[in-house]
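S.K.:
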Amino acid sequence: MFFDWPITEDYCRKICQALDIPLYLSWREGGLEREMLRFDSPTAATWYETPQGLKTSGGNSNNASTRWRFPQIGGSMITRWCSSYSKISIGDAAIANQERFKGKRTLVLSGERREESASRAKYKQFESHRTHTKSRHVDHWRVVLDWDEAQVWNIIQRYCVLSHPSYELGFGRCSCIICIFASEDQLASVYQIAPQVIHKMADYEKQFDSYWRSLGKSGYTIHRQYTVMERVTMGNPYPMKPEIIRLALSREYYESVIVSEWKLPPGAFTKDNGPT
Ligand code: SF4
Numbered sequence: 000m001f002f003d004w005p006i007t008e009d010y011c012r013k014i015c016q017a018l019d020i021p022l023y024l025s026w027r028e029g030g031l032e033r034e035m036l037r038f039d040s041p042t043a044a045t046w047y048e049t050p051q052g053l054k055t056s057g058g059n060s061n062n063a064s065t066r067w068r069f070p071q072i073g074g075s076m077i078t079r080w081c082s083s084y085s086k087i088s089i090g091d092a093a094i095a096n097q098e099r100f101k102g103k104r105t106l107v108l109s110g111e112r113r114e115e116s117a118s119r120a121k122y123k124q125f126e127s128h129r130t131h132t133k134s135r136h137v138d139h140w141r142v143v144l145d146w147d148e149a150q151v152w153n154i155i156q157r158y159c160v161l162s163h164p165s166y167e168l169g170f171g172r173c174s175c176i177i178c179i180f181a182s183e184d185q186l187a188s189v190y191q192i193a194p195q196v197i198h199k200m201a202d203y204e205k206q207f208d209s210y211w212r213s214l215g216k217s218g219y220t221i222h223r224q225y226t227v228m229e230r231v232t233m234g235n236p237y238p239m240k241p242e243i244i245r246l247a248l249s250r251e252y253y254e255s256v257i258v259s260e261w262k263l264p265p266g267a268f269t270k271d272n273g274p275t
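In structure tokens, the structure reads:
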């Protein structure tokens, strides 16, 4: 695991257990790191948990190509390929390859909000989902599209749910631990709590940049003006509590996700970078 917060998977499990929601995970084999390091080879298979067990599809294409770069910052899902390869196409494959969705009506819910970015402001609240076909009715409802941030925290407070540890550390957005949109303060914070992650990121950045420059193409640092290490030195780490750092970097969520005394996390209402 390179991109994700180590705690995210088990945090999702514990939230679903607490709210009595069945959870089926889906993922790209090797995650974003394998896709990023793809060299003259096809994209890896998709895996998804189902009521009948673990299933897989794809991964056997003859279309070999080279990625060898970080996802690029921007609104296009083609160059910012992390969202499409690790989330959107994975969810689509999990729906399209399961017989249980055929002949039924399925509603996909997602949590984008208009005020997050100019392109999200133009999203439709309700539309046919990409996986909708004649034999499989699938709708897509963006449940909180018109909500502001206060409404989101209000509903979390109403159910006394402890937010993901990244918010408790001061991050204003729960993303990958090394999101390409990370601000300087976020990068400095990750460097303080998990320097090995930033060192690995910097090492990949150097390898990609020198490879593409050797082919006469523009360099492929994440931020075209500064390297990740330069951006770390430009930021200020958040004042993070040791017990939350331990939890955020653990694979097991060992605290209760439902609390009796709920407090707004330090990351709430802080301006933070995110997808455009
Ligand atoms: S959180 Fe950031 S790096 Fe991760 S998939 Fe989203 S945009 Fe890409």
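In numbering that gives the first Met the number 0, the protein residues as written are 0 to 275. In this text, a Cβ means the ideal position worked out from N, Cα and C, and glycines have one as well. Since the structure is predicted, the reported quantities are computational estimates derived from the model, not experimental observations.
Please report how far the alpha carbon of Ala63 lies from the alpha carbon of Phe38, in whole angstroms.
M.R.: Those two C-alpha atoms are separated by around 8 Å.
S.K.: Alpha carbon to alpha carbon, how far is Gly29 from Ala43?
M.R.: Gly29 and Ala43: Cα-Cα distance of roughly 7 Å.
S.K.: Please output, in chain order, the residues near the ligand SF4 using a CB cut-off of less than 6 Å to any non-hydrogen atom of the ligand.
M.R.: In chain order, the hits are Phe2, Pro70, Cys81, Ser82, Ser85, Ser174, Cys175, Cys178, Ile179, Phe180 and Pro274.
S.K.: Give the C-beta separation of Arg223 and Leu186 to the nearest angstrom, bearing in mind that I take them to be a contact with Cβ-Cβ under 8 Å.
M.R.: Rounded, the Cβ-Cβ distance is 16 Å, inconsistent with contact.
S.K.: Look at Leu108 and Trp146 and say whether their C-beta atoms are less than 8 Å apart.
M.R.: Going by C-beta atoms, Leu108 is not nearer than 8 Å to Trp146.
S.K.: Determine, using beta carbons only, whether Thr45 and Ala92 come nearer to each other than 8 Å.
M.R.: Yes, the Cβ-Cβ distance between Thr45 and Ala92 is below 8 Å.
S.K.: Helix or strand or just coil, what does DSSP make of Lys283?
M.R.: Residue 283 lies beyond the range of the chain shown here (0 to 275); nothing can be said about it.
S.K.: What first and last residue would you give for the alpha helix (DSSP H) that runs through Thr7?
M.R.: Per DSSP, Thr7 belongs to the alpha helix (DSSP H) from Thr7 to Leu18.
S.K.: Under three-state DSSP, which class holds Trp140?
M.R.: The answer is strand: DSSP assigns Trp140 an E or B state.
S.K.: Evaluate contact between the stretch 129-144 and the stretch 98-112, counting only Cβ atoms and requiring at least three cross-stretch pairs below 8 Å.
M.R.: The answer is yes - the stretch 98-112 touches the stretch 129-144, with three or more Cβ pairs under 8 Å.
S.K.: Which two residues bound the contiguous beta strand (DSSP E) that contains Tyr203?
M.R.: It is not in any beta strand (DSSP E) - Tyr203 instead sits in the alpha helix (DSSP H) that spans Pro194 to Ser213.
S.K.: With 16 as the cutoff for other CB atoms within 10 Å, does Gly110 come out buried or exposed?
M.R.: Gly110 comes out exposed.
S.K.: Give the list of continuous beta strand (DSSP E) stretches no shorter than 3 residues that lie fully inside the stretch 98-145.
M.R.: Counting whole runs of 3 or more residues, the stretch 98-145 contains the beta strand (DSSP E) stretches 104-109, 125-127 and 136-141.
S.K.: From the DSSP output, read off the bridge partner residues of Thr78.
M.R.: Its beta-bridge partners do not exist; DSSP assigns none.
S.K.: Can you tell me where the alpha helix (DSSP H) holding Trp26 begins and where it ends?
M.R.: Element bounds for Trp26: not the alpha helix (DSSP H) but the beta strand (DSSP E), Ser25 to Arg27.
S.K.: Considering Ser56, what are the terminal residues of the alpha helix (DSSP H) in which it resides?
M.R.: No alpha helix (DSSP H) holds Ser56; the beta strand (DSSP E) holding it covers Gly52 to Ser56.
S.K.: For Thr232, does the three-state DSSP call read helix, strand or coil?
M.R.: It is helical.
S.K.: Give me the Cα-Cα distance between Asp138 and Phe1, rounded to the nearest whole angstrom.
M.R.: For Asp138 and Phe1, the distance between alpha carbons rounds to 33 Å.
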